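This report concerns only the one structure given below.
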Amino acid sequence: MRAHSASVIPLRPLLLSMAISAVPFLAQADTKGAAEALLNSKCQTCHLPTDKGLNRIDESRRTPEGWDMTIVRMMVSHGVELTPEERQTLVKYLADTRGLAPEESAAHRYLLERDFTLIEQPKDQLVADTCARCHSYGRTGLQRRTEEDWRKLVHYHVGQYPVIEIQQGGRDRDWWEIASGEVPKRLDKLYGLDSEAWRKWLQHESVSAAGQWRVVGHRPGWGAYEGQATISSNGDDHYSIKLTLNYANGKQETAEGKAVLYTGYEWRATVKQGDMNVRQVFTLSPDGQTLSGRWYQAGIDAIGGRFEAVRDGKEAPARLLAVEPSYIKAGTTQQVTLYGSNLSGDVSLGEGVEVLKVVERGTGKLVVEARAAAGAKDGVRAVKVGDSQLDKGLALYQKLDYISIEPDQAMARIGGNGGAMPKIPVQFESVGYANGPDGKPGTADDIRLGYFPAKWTLDNLNAYAAQLKDAEYSGRLQEDGLFIPGDAGPNPKRKFGTNNAGELKVTAVVDDAGHKVEASKPLVVTVQRWNDPSIR
Amino acid sequence: MNNNKATLRTALALGAVSLGMMSQLALAAKKDYLVTAARPDKVVVVDAAERKVVNTFTIPNTAKGNSVAGLTVSRDGKVAYVVHNRWETVSGIDLDTGKEVFRAELSSPGIRGKAHFAIDVSPDGKELAVHVSPTKLKLGEYEVQDPYIAVYDTSAGIGAEPLRKLPAPRRTTTLAYSPDYKRLYAYSWDMVVLDPQTGKQIGVHPWRSWKREGYGEPDTLSVSPQFEQANEFATPYFIDYTDKNGKKVTKAGVWSLDLAKDKVRFSEFEGELVMPFSTVINPVRRNEAYTAYTQLTKNDIDTGKLIKRVDLDHTFYTVNVSSDGKELYVGGTINEIAVYDTETLEKKDTIIISEGDQVLSSMRMVQR
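Listed in order, the protein sequences are those of chains L and G. Per this note's numbering, residue 1 is the first one in the first sequence, and the count goes up by one each step. Per this note's numbering, residue 1001 is the first one in the second sequence, and the count goes up by one each step.
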């Protein structure tokens, strides 16, 4: 980030991620007894029992990552000594007994999944204005506390970082009075300790993740994939997983690793996928029938993909999961592939799309030749195989009206060059849309068609960037839309010997059978992030 | 960022042998010395005209995590007071011997007290005022307490305890005594005027409550005290202005308070927005204010005219000025002080002052 604002004052958060790097989620956890013994021996000295349980510890609930951050803070700031195994035992136990119900963590899963391309949608503006300037809003939204404990959190902030009141966003209001007054009241209403959802979840009968799974997903840059997973139980919510993934672009990957299921649904795995170390952050649905979420390359969370799996095997219900490609142009004929589990019966691609012939038929994969009628109406068709239906199956369109570049928020980080931090790239994709019934772009009725291949180019974002030649120094954009930022460190070739940070503009041009559509979007190339806690 | 290691080494070597030299100089006509701090634990004295580090002292018994925050020097140029040790300690370092002659711990058992930039020594050098933000460390939780101004007797030596504690507003970023010791200014939401003896509020210069038609609330981060040369506190600020046609623009300006006369003046610059971080007033041509950050600017506060601006080689947090009003010293951030001409804003020199960076440590000027 180029320093444009005169209002920065360095705030030094704990170097948590530095002190104890990878979370040892994969060490075999011990049982409840061991965890309670640890709470007694390691925590109770400072967190005395009250009529509500242990002070602080029983006045809040957190995700596994949230508990881990707090426990690491206890180690770094308050001298608590824990072995990696003990730390893991505590995180597991606390997340199981003082966790979040699936619906409570749903709104901010992107933080756990480390998908930082979304723009947050805070539920409460006052809380966002008071609290979401150093870290995400979701860090707050992923905890539950009593009003008093929310207030204690504010005391911790000011006690630990007194400059909080004089930084930008602090000095322009009575920050302390607001943060310790109104905000805890709001937080208690929004994210109070006691909830119906959590009480119910505690009653919920636990399900095992073990079994055969049918997998589909999308990896930006590579496209759609499908595959199989085998999960076996190692007892005590610990699992092994093996995967094979086949990408629509012809690439293949296998993966293998270990996982822990926290709070009855929070699946966290570390797998070796191809030559990458990959982290899986999935949720197991309450009925145990689907496993879904995001995976990313450890340390380079911008590289990853969405993942969805359903039960496979003879007993599993028939499910249609994906249609590839996801769009068809009116008046054209093309092959369409359907992925699912236990698929049987007739294929229907919806109104105006005729199945000319079945090219390949299996229970997990079907290839058909389809023809979209010339005059058919724009819209997303439900696709059916026998009784299983995918509502958002196949989009039919007359004209590609516009494209939009994903991700929403594009930020790359310089890195490498012998430094400790890797480069953080951005994988761009172009998504095609039709205007929908109202004929206007950018309205609610627009039809998302899916990913279109594009020709990518890079430019300076503004006159200042042009003057500093950002496009020359800040990185390069590959043909496949992958932007690789420049090297870290000062660059003697640049004005002021500045680093390779910059402000760029990325442009995609899609050629849909001779009809060219273009879109651009800003790309910020910034400096390394030295402190990267597990919940930003 | 030390691209000039050779200069640096020379500077340090000179510093090491210069102890005696400095006392000799003291006998001659008074000269300007810059006093600042550098990571991890250094107090640095620079002969401004000679462009030389004349002394580098080590602050004893400190935690090396944070850089020094506030720094102030007694008017006789003998002792520098620094906020260090995770900002929980104030030490007085004798600028001739390097000895720690004063030390006050702001924390005590069960209480963590932190100071930042708001620290000043009284004109006669006998009193030190420090703004402290205390937190009670309870079992398993913290409790924020009301801030106060601790006033110390500077002759109390090591282990000094406050003579008195004055109530103080939160988020005070500057403390400044008036030259006649009648007023202690605390710059917070407003510039509050306190009786230095009792802490009683005896006046106020509105800042946040400053109302002008068409203008919003001013914003500043005033953490670079450098009022000693002109006896005028000055801070850059940003303010939104909406004209009669409803068009909104953000303006930058300089707001200042003459500490001797207790009088405020201000002006906003015309033209393209500059991004100043700190400001100093020329003690000779008092209409001239200079701001530093990524650019160095020269402004006429009587007319609001931005006279000149030049790009700096990198970001500098702080700027100070020579007693004759001819030179500017731009410092803070890394380990160098750049010298500029106040007439032309031409760069005259670079002084490498240390191995470590200054970061946000104050950079003060004394004569001795």
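Heads up, the beta-carbon is just placed ideally off N, CA and C, and yes, glycines get one too. On a predicted model such as this, the values are computed, not experimentally measured, just so you know.
Exercise. For a contact meaning CB atoms closer than 8 Å, what does L/E165 contact in chain G?
Worked result: Here residue 165 of chain L refers to the residue found at position 165 of the first sequence. Residues of chain G passing the Cβ test: R1170, R1171.
Problem set entry | Spatial distance of L/P453 from L/E429 (CA atoms) | Along the first sequence, read from residue 1 onward, the residue named residue 453 of chain L stands at position 453. Along the first sequence, read from residue 1 onward, the residue named residue 429 of chain L stands at position 429. Taking the straight line joining both Cα atoms gives about 8 Å.
Problem set entry | Bridge partners - G/V1131, DSSP secondary structure assignment | As a position in the second sequence, residue 1131 of chain G is number 131, starting the count at 1. Here the sequence assigns His to residue 1131 of chain G, which means Val is not the residue at that position. In the DSSP output, where bridge partners are listed per residue, G/H1131 has G/I1149.
For this session: Quick one: which unbroken beta strand (DSSP E) runs of 3-plus residues sit fully inside the segment 111-189 of chain L? Chain order, please.
Result: 143-145
For this session: With a 10 Å radius around its C-beta and 16 neighbouring C-beta atoms as the bar for buried, classify G/Y1142 as buried or exposed.
Result: Here residue 1142 of chain G corresponds to residue number 142 of the second sequence, with the count starting at 1. Buried: at least 16 other Cβ atoms inside 10 Å.
Problem set entry | Contact the segment 426-442 of chain L vs the segment 307-325 of chain L: 3+ CB pairs below 8 Å | no
Exercise. Going along the chain, which residues of its own chain have a beta-carbon closer than 8 Å to the beta-carbon of G/A1006, five neighbours each way excluded?
Worked result: In the second sequence, counting from the first residue as 1, residue 1006 of chain G sits at position 6. Caution is warranted here: a pLDDT of 32 is assigned to G/A1006, below 50, making its placement in the model unreliable, and no coordinate value can be reported.
Exercise. Does the beta-carbon distance from L/D124 to L/R186 come in below 7 Å?
Worked result: In the first sequence, residue 124 of chain L corresponds to position 124, counting from 1. In the first sequence, residue 186 of chain L corresponds to position 186, counting from 1. Taking 7 Å as the Cβ cut-off, L/D124 and L/R186 qualify as a contacting pair.
For this session: Using alpha carbons as the reference points, say which of L/W198, L/I303, L/Q212, L/G192 lies closest to L/P317.
Result: By 1-based counting over the first sequence, the position of residue 317 of chain L is 317. L/P317 has its Cα closest to that of L/Q212, out of L/W198, L/I303, L/Q212, L/G192.
Exercise. Which bits of chain G does L/F428 rub up against, with CB to CB less than 7 Å?
Worked result: Start at 1 with the first residue of the first sequence, and residue 428 of chain L comes out as number 428. Under the 7 Å cutoff, chain G gives no residues; its nearest Cβ is about 31 Å from L/F428.
For this session: Taking only beta carbons into account, state which residues of the segment 1356-1368 of chain G come closer than 8 Å to chain L, listed in chain order.
Result: V1359, L1360
Exercise. Taking DSSP as the reference, what is the three-state secondary structure of L/N40?
Worked result: To locate residue 40 of chain L, count along the first sequence from 1; it is residue 40. In this structure, L/N40 counts as helix in the three-state DSSP scheme.
Problem set entry | Three or more C-beta pairs below 8 Å linking the segment 520-529 of chain L and the segment 98-106 of chain L | no
Problem set entry | chain G contact for L/W150 (CB, 7 Å cutoff) | As a first step, residue 150 of chain L must be located in the first sequence, where it is residue number 150. So, not an interface residue.
Exercise. How long is the line joining the alpha carbons of L/A373 and L/T283, rounded to whole angstroms?
Worked result: For the purposes of this step, residue 373 of chain L is taken as residue 373 along the first sequence, with counting starting at 1. For the purposes of this step, residue 283 of chain L is taken as residue 283 along the first sequence, with counting starting at 1. About 40 Å.
Problem set entry | Cα-Cα separation between G/R1112 and L/E65, rounded to whole angstroms | As a position in the second sequence, residue 1112 of chain G is number 112, starting the count at 1. As a position in the first sequence, residue 65 of chain L is number 65, starting the count at 1. Cα to Cα, the separation comes out at about 29 Å.
Exercise. From L/L118 to G/L1328, what does the alpha carbon distance come to, in whole angstroms?
Worked result: The residue labelled residue 118 of chain L in the question sits at position 118 within the first sequence. The residue labelled residue 1328 of chain G in the question sits at position 328 within the second sequence. Cα-Cα distance, rounded: 46 Å.
Problem set entry | chain G within 7 Å of L/F307, Cβ atoms only | Start at 1 with the first residue of the first sequence, and residue 307 of chain L comes out as number 307. No, because no Cβ of chain G sits closer than 7 Å to the Cβ of L/F307.
Exercise. Any contact of the segment 1156-1165 of chain G with the segment 1202-1213 of chain G, i.e. 3+ C-beta pairs under 8 Å?
Worked result: no
Problem set entry | Residue(s) in a DSSP beta bridge with L/W267 | By one-based count along the first sequence, residue 267 of chain L stands at place 267. Paired residue(s): L/L261, L/F282.
Problem set entry | Own chain partners of G/G1065 with C-beta closer than 7 Å, once the 5 adjacent residues on each side are dropped | For the purposes of this step, residue 1065 of chain G is taken as residue 65 along the second sequence, with counting starting at 1. Excluding sequence neighbours, G/G1065 sits near R1086.
For this session: Using a Cβ-Cβ cut-off of less than 8 Å, list which residues of the segment 1101-1113 of chain G approach chain L; keep chain order.
Result: R1112
For this session: Assign L/L528 to one of two classes, buried (16 or more other C-beta atoms within 10 Å of its C-beta) or exposed (fewer than that).
Result: Counted from its first residue, the first sequence places residue 528 of chain L at position 528. The sequence shown places Gln at residue 528 of chain L, rather than the Leu named in the question. Classification for L/Q528: buried.
For this session: Buried or exposed for G/T1173, please, with buried defined as at least 16 other CB atoms from any protein chain shown within 10 angstroms of its CB.
Result: Locating residue 1173 of chain G in the second sequence gives position 173, counting from the first residue. By the 10 Å Cβ count, G/T1173 comes out buried.
Exercise. Does DSSP classify L/K106 as helix, strand or coil?
Worked result: Start at 1 with the first residue of the first sequence, and residue 106 of chain L comes out as number 106. Residue identity differs from the one stated: residue 106 of chain L is Ala in this sequence, not Lys. Correct three-state label for L/A106: helix.
Problem set entry | C-alpha distance - L/P490 paired with G/A1038, whole-angstrom precision | Position 490 of the first sequence, counted from the first residue, corresponds to residue 490 of chain L. Position 38 of the second sequence, counted from the first residue, corresponds to residue 1038 of chain G. Each residue's alpha carbon lies about 21 Å from the other.
Problem set entry | Under 7 Å between C-beta atoms of G/G1140 and G/S1074 | As a position in the second sequence, residue 1140 of chain G is number 140, starting the count at 1. As a position in the second sequence, residue 1074 of chain G is number 74, starting the count at 1. Going by C-beta atoms, G/G1140 is not nearer than 7 Å to G/S1074.
Exercise. When the Cα of L/L477 is compared with those of L/P425, L/L261, L/G497, L/G418, which residue comes out closest?
Worked result: Here residue 477 of chain L refers to the residue found at position 477 of the first sequence. Answer by Cα proximity: L/P425.
For this session: Find the nearest neighbour of L/R219 within the set L/A37, L/W198, L/A302, L/P441, judged by alpha-carbon distance.
Result: Taking the first sequence and counting its residues from 1, one reaches residue 219 of chain L at position 219. Comparing Cα-Cα distances from L/R219 to each of L/A37, L/W198, L/A302, L/P441, the minimum goes to L/A302.
Exercise. Which partner residues of L/P453 appear in the DSSP bridge assignment?
Worked result: One-based indexing of the first sequence puts residue 453 of chain L at position 453. BP columns for L/P453 are empty, so no partner.
For this session: Helix, strand or coil for L/H78, going by three-state DSSP, please let me know.
Result: By one-based count along the first sequence, residue 78 of chain L stands at place 78. In this structure, L/H78 counts as helix in the three-state DSSP scheme.
Exercise. In whole angstroms, what is the alpha-carbon distance linking L/A37 and L/T63?
Worked result: Locating residue 37 of chain L in the first sequence gives position 37, counting from the first residue. Locating residue 63 of chain L in the first sequence gives position 63, counting from the first residue. If I take the Cα positions, the gap works out to 21 Å.
For this session: May I ask you to list the residues that DSSP assigns as paired with L/S348?
Result: In the first sequence, the residue the question calls residue 348 of chain L occupies position 348. L/S348 is bridged to L/K384.
For this session: Hey, could you find the ends of the beta strand (DSSP E) G/Y1033 is sitting in?
Result: As a first step, residue 1033 of chain G is located in the second sequence; it is residue number 33 there, counting from the start. G/Y1033 -> beta strand (DSSP E) spans 1032-1038.
For this session: Could you tell me which of G/A1115, G/R1368, G/I1093, G/A1292 sits nearest to G/D1313, measuring between CA atoms?
Result: Taking the first residue of the second sequence as 1, we reach residue 1313 of chain G at position 313. Of the listed residues, the one whose Cα sits closest to G/D1313 is G/A1292.
Problem set entry | Where L/V517 falls: helix, strand or coil (DSSP) | Start at 1 with the first residue of the first sequence, and residue 517 of chain L comes out as number 517. Correct three-state label for L/V517: strand.
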